[in-house]
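For the sequence shown, full-length UniProt numbering assigns the number 1 to the initial residue and increments by one for each residue that follows. Since the structure comes first, as structure tokens, the remarks are kept for the end.
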Amino acid sequence: MSAGSARKRLFSTKPVVPARLADTVSDAIAAALFDGRIAPGEALPAEVEIAREFGVSKPIAREALRQLAAAGLILTQQGKVARAKAMNGEPMERIYGYAARSSLERLREANEMRRVIETGIARLAAERRDPAGLAAMERALHDMVGSIKEPAGFTEADILFHLGIALATGNAMIRVQMEGMRSVQREVSEVFARRANRTDADWSATVERHRAIYEAIAAGAPDLAGQKIIAHFEAADIASLEVAEKLGSAGDTQR
């Protein structure tokens, strides 16, 4: 795109504060990404154009793009223009994954975080009941039943179910948060896989807890949905304690 060609104005520029030049530039570009002025997959202006737009140097424009890439908002490759990425929970998923794998104690904390967050999400899902979320939960329940005694498939169905709860809220930021917690779900499933005594009844009970959550959300019952989520996590906590007893001090030695 040449400097003289007609083009839409992408950024809402603000007075640039010298102490935080790159932050000011990255904030303005992020705003354009979030409100749709730059669509996923679309190329951003070249560094020189960004620098000209904000009245900063090319190194400052380059640093702003590095910040956005680190946040997972754009894709940068050597010798190519930066492109916008669809908003997702990938950066948080990496952070939560590192934490959950570091020790059993961090895994417990991460699961506690999920319980606190997902209780509110389930309540809002029951109030809004977005069809896309309800459909995802139904599909996940079907997949769970078909994946009993198959930990990998069951885990993916479980992740889809909880993502469906987020989708049912119709809130994009909640969807991103739930995507970010996928690594925690996977770690919990791996811990549960160490339970040598996991019976058919255990598998079925897990499915039925999820079904109860779905039914409460589909019925538009926020209080009941919150209760069913809490009951689900209480059962998961009991299982975690069983594993902890078998692992002994594994969590302490891994810190």
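Positions of the beta carbon are idealized from the N, C-alpha and C atoms, including for glycine.
Query	Result
Rounded C-alpha distance that separates alanine 43 from lysine 85	10 Å
Cβ separation of leucine 68 and valine 188, assumed to be a contact under 8 Å, to the nearest whole Å	The pair is not a contact, with the Cβ atoms about 31 Å apart (cut-off 8 Å).
Of the residues Ile213, Ala219, Met92, Ala218, the one placed nearest glycine 226, counting alpha carbons only	Ile213
Same chain, Cβ closer than 8 Å to serine 2, five either side skipped, listed in chain order	The pLDDT assigned to serine 2 is 47, lower than 50, so where the model puts this residue is not dependable, and the model offers no usable value.
Length of the line joining the Cα atoms of residue 256 and arginine 128	Here the chain covers residues 1 to 255 and nothing more, so residue 256 does not appear.
Minimum length 4: unbroken alpha helix (DSSP H) runs contained in the stretch 121-149	131-146
Length of the line joining the Cα atoms of arginine 20 and valine 56	11 Å
Status (buried if at least 16 other CB within 10 Å, exposed otherwise) for aspartate 158	buried
Leucine 33, DSSP secondary structure in three states	helix
Alpha helix (DSSP H) segment containing glutamine 177, residue limits	172-180
Sequence-distant residues of its chain with Cβ nearer than 7 Å to leucine 167 (five each side left out)	Asp130, Ala132, Gly133, Ala136, Arg175
Residue span of the alpha helix (DSSP H) that contains glycine 97, given as start and end	90-102
8 Å contact criterion, which valine 81 and phenylalanine 54 should meet: CB distance rounded	Incorrect: roughly 17 Å between the Cβ atoms, too far for contact.
Alanine 71, DSSP secondary structure in three states	coil
Rounded separation between residue 256 and isoleucine 50 - CA only	Here the chain has residues from 1 to 255 only, and residue 256 is not among them.
Closest Cα partner of arginine 94 within the set Ile60, Gly180, Ala221, Lys228	Gly180
Cross-strand partners of arginine 83 (DSSP beta bridge)	Ala43, Leu75
Whole-angstrom distance between methionine 87 and glutamate 112, CA atom to CA atom	25 Å
Cβ neighbour criterion (16 or more within 10 Å) applied to glutamate 105	exposed
Span of the alpha helix (DSSP H) around alanine 219	Here alanine 219 belongs to no alpha helix (DSSP H), and DSSP marks it neither H nor E.
DSSP state of arginine 198 mapped onto helix, strand, coil	coil
Length of the line joining the Cα atoms of phenylalanine 161 and phenylalanine 34	26 Å
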